[in-house]
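Those letters in the sequence shown? Residues 1 to 469, by UniProt numbering. Think of the CB as a built atom: it goes at the ideal place given N, C-alpha and C, for glycine as much as any other residue. Since the model is a prediction, treat every value here as computed from it, not as a measurement. To start, the structure itself, in structure tokens.
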Amino acid sequence: MMKIRRRAVDPAVMISCCYFLLVVIIIGGADFCNGGVTSRFVRRLQESPDMPLDSDVFRVPPGYNAPQQVHITQGDHEGKAMIVSWVTMEEPGSSTVTFWTQTGKKKSANGRATSYHYYTYRSGYIHHCTLRRLEHSTKYYYEVGTGGNTTRQFWFKTPPEVGPDVPFTFGLIADLGQTHDSNDTLTHYENNPMGGQTVLFAGDLSYADRYPNHDNVRWDTWGRFVERSTAYQPWIWVTGNHEIDYAPEIGETEPFKPFTHRYHVPHKASNSTSPHWYSVKIASAYVIVLSSYSAYGKYTPQTQWLQKELSNVDRSETPWLIVLMHSPWYNSYDHHYMEGETMRVMYEPLLVQYRVDLVFAGHVHAYERSERVSNIAYRIVSGGCRPVEDDNAPVYITIGDGGNSEGLVTDMTEPQPEYSAYREASFGHATLSIKNRTHAFYNWHRNQDGYNVVADSVWFHNRIWLLND
Ligand SMILES: *[C@@H]1O[C@H](CO)[C@@H](O)[C@H](O)[C@H]1NC(C)=O
Ligand SMILES: *[C@@H]1O[C@H](CO)[C@@H](O)[C@H](O)[C@H]1NC(C)=O
Ligand SMILES: *[C@@H]1O[C@H](CO)[C@@H](O)[C@H](O)[C@H]1NC(C)=O
Ligand SMILES: *[C@@H]1O[C@H](CO)[C@@H](O)[C@H](O)[C@H]1NC(C)=O
Ligand SMILES: [Fe+2]
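Written as structure tokens, this is what we have:
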């Protein structure tokens, strides 16, 4: 990886920097102050609207009370349980899931149904059922809608047993929404030859809150749209700002109401008291989910949990430590600039202390990858605030380019800061393919290329097992 040149903030140094820049321009035209690559890829810029309600992707499955919006997520800390969720519209029906392997007997698990009101909207019956005591690396078939009405059958493969050299491929998507671009992103992920096994979704799901009174029908359409992936592989959920749905003007004052009813996560398995922050172990990775929209000050539940959590991670069992959040800490686009700063101030020293490998965020509707930098030296009494190269620091990746109706953000701070290794305002997704305890191969794909084309790729070296890049 390229070395970071330290940036000057002192005015006297700035002047000499600019003077030097002038000299450089005169003698050769090289851009001294610039960091990494700002891609010049020429892309289509107009926003795409949400797909209309009668689109094929939103079709209601046929049959009386047919389960819809089927989605699964890991149901425990180790990957031996799966939470299966779906919605029935006409009547509650059954919350039982029947499941079996190719060779085994049929088993069943009982779940529960919930529902909620949002202004004038009334949700369907939202079922959540946890399948436990599953075998690792095993294909399970499962059926929902048992007990008399329309049944539907799906399958998933459980993750391998946790261990330091277990290979695994993650998909990385965020800020997806439900436009034609969203559909392209999902299609590209599905066709990506890297073969993602689980999606780490860094927040902002449906964007239903952009409709008048947060029309929750758009939560239902989103659930039906992504079912073709979420019913077959776990998606690990992060809470974004479009999940808050706080609208006191229409009497909706319970933050995260639609999201928490619809999307269950295994937070209790990591001793978290809130579904907005939790962790799961998957193969050789330890994945920590944080909430940009919950309190993160000192003494708060999230902070207490994170401190304990980081000290519990055993890197000889799960070498790869990955943190997910919605609002990025290192973002050189103008949009949402410095929104992640307060959380960075609170948590960055911890992430560096525990040598987190990678941090994925969304929120900014574009793509950016950082160098390994930290900015933790600052003390209010002594100054010294700038990102510096730091081998113990994570790489920060903004993957908020899922393709929602707010469109791309293209305005960037200039010059590109030195901590920014690559940035491009295009829609897309990424994959992270962990090979063993030392090596992981990372790829970012833009939607406007073929499924096979890689726009940005890096080999990541583990922060514990191979510190020297
Ligand atoms: C739907 O299933 C429920 C039981 O889950 C049953 O009581 C009801 O009669 C069924 N309705 C129809 C129309 O099949
Ligand atoms: C969404 O993508 C799928 C898969 O490529 C395609 O079959 C479907 O027609 C698309 N739908 C819309 C509304 O673009
Ligand atoms: C949760 O707490 C219990 C009891 O203190 C402990 O046994 C368990 O290991 C903890 N689990 C995690 C994932 O930290
Ligand atoms: C880990 O994976 C990398 C990349 O595939 C490979 O070069 C390296 O030899 C592997 N290490 C071990 C110990 O197998
Ligand atoms: Fe966002």
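Using alpha carbons as the reference points, say which of the options lies closest to residue i.
i, options, result
"Q197", "N443, L172, P212 and E243", "L172"
"H276", "S284, K257, A285 and Y286", "K257"
"D245", "I236, T260, W237 and V238", "T260"
"E135", "F168, S123 and T101", "T101"
"L310", "V226, V356, P52 and A231", "V356"
"V373", "P255, T342, W329 and R446", "W329"
"residue 471", "F170, G402, I380 and Y419", "In the structure as shown, the chain begins at 1 and stops at 469. Residue 471 is therefore absent and cannot be evaluated."
"Y64", "S316, E91 and E78", "E91"
"E190", "N447, N213 and G36", "N447"
"R40", "A430, Q416 and G450", "Q416"
"M82", "V70, E254, T150 and Y442", "V70"
"residue 475", "N149, A113 and A109", "With the chain running from 1 to 469 in the structure shown, residue 475 is simply not present."
"L205", "T179, N192 and A174", "A174"
"A247", "D215, H188, Y367 and L200", "D215"
"R262", "A66, V60, R112 and S327", "R112"
"S85", "F460, Y378 and H264", "H264"
By Cβ distance below 6 Å, which residues in the same chain neighbour residue i in space, the five residues on each side in sequence not counted?
i, result
"D411", "D334"
"L290", "W277 and M325"
"Y211", "R218"
"N436", "D165"
"residue 471", "The structure shown does not extend to residue 471, since the chain spans only 1 to 469, so no value can be given for it."
"G36", "S420, A421 and Y422"
"G223", "Q69"
Along the alpha helix (DSSP H) that carries residue i, what are the first and last residues, could you check?
i, result
"Y189", "H180 to N191"
"G171", "Careful: G171 lies outside any alpha helix (DSSP H), inside the beta strand (DSSP E) at F168 to I173."
"S348", "Reading off the sequence, residue 348 comes out as Glu, not Ser. E341 to Q353 is the span of the alpha helix (DSSP H), which, as asked, contains E348."
"D220", "V217 to T230"
"Q448", "Per DSSP, Q448 belongs to no alpha helix (DSSP H) and is neither H nor E."
"T259", "Strictly speaking, residue 259 in this sequence is Phe, with Thr absent from that position. Counting along the chain, the alpha helix (DSSP H) containing F259 begins and ends at K257 to R262."
Does any heavy atom of ligand 5 sit closer than 7 Å to the C-beta of residue i?
i, result
"N183", "no"
"D401", "no"
"G240", "yes"
"D209", "no"
"G362", "yes"
Between which residues of its own chain and residue i is the CB-CB distance below 7 Å, once the five residues before and five after are set aside?
i, result
"L467", "D391"
"V23", "Any reading at V23 must be qualified, since the residue scores a pLDDT of 36, below 50, and its modelled position is unreliable; no value is offered."
"D456", "R369, Y422 and W444"
"T146", "S94, T96 and T98"
"S332", "E368, M412, T413, Q416, P417, S420 and R423"
For ligand 1, is there any heavy atom lying closer than 7 Å to the beta carbon of residue i?
i, result
"E91", "yes"
"N149", "yes"
"N110", "no"
"residue 472", "Within the shown structure, residues of the chain are numbered from 1 to 469, placing residue 472 beyond reach of any answer."
"S95", "no"
Relative to ligand 3, is the shortest distance from any of its heavy atoms to the C-beta of residue i smaller than 7 Å?
i, result
"H261", "no"
"H77", "yes"
"S270", "yes"
Run the proximity test for residue i: is its beta-carbon closer than 7 Å to any non-hydrogen atom belonging to ligand 4?
i, result
"H439", "yes"
"N436", "yes"
Please go through the same chain and pick out, in chain order, the residues whose beta-carbon is closer than 8 Å to the beta-carbon of residue i, but skip the five residues on each side of it.
i, result
"V9", "Because the pLDDT at V9 is just 38, under 50, the model does not fix this residue reliably, and the value given afterwards should be weighed accordingly. If we look at V9 and ignore the five residues flanking it on each side, its Cβ neighbours are C385 and R386."
"E227", "Q68, Q69, V70 and H71"
"I27", "Because the pLDDT of I27 is 35, which lies under 50, any placement of that residue in the model is unreliable, and the question is left without a value."
Name the two residues that bound the continuous beta strand (DSSP E) containing residue i.
i, result
"S457", "D456 to H461"
"residue 498", "One cannot answer for residue 498 here, as it falls past the ends of the chain, which runs 1 to 469."
"R437", "Counting along the chain, R437 falls outside any beta strand (DSSP E), and DSSP gives it neither H nor E."
"K107", "K107 to N110"
"K139", "K139 to V144"
"M325", "That residue, M325, is in no beta strand (DSSP E); it is neither H nor E in DSSP."
"A208", "From DSSP, A208 is part of no beta strand (DSSP E); its letter is neither H nor E."
"A285", "A285 to V289"
"M82", "M82 to T88"
"Q74", "Q68 to Q74"
"T253", "Note, T253: premise wrong, no beta strand (DSSP E); not H, not E."
Following a CB-centred definition, is residue i positioned closer than 7 Å to any heavy atom of ligand 2?
i, result
"S229", "no"
"T187", "yes"
"V226", "no"
Establish whether the CB of residue i and some CB of chain D are separated by less than 8 Å.
i, result
"G196", "The structure shown contains no chain D; it holds only a single protein chain."
- Please determine if the stretch 134-141 and the stretch 149-160 are in contact, where contact requires at least 3 C-beta pairs separated by less than 8 Å. yes
- Query: On the three-pair Cβ rule with 8 Å, is the stretch 231-245 touching the stretch 291-305?
  - Reply: yes
- Three CB pairs or more closer than 8 Å across the stretch 424-431 and the stretch 301-310: no
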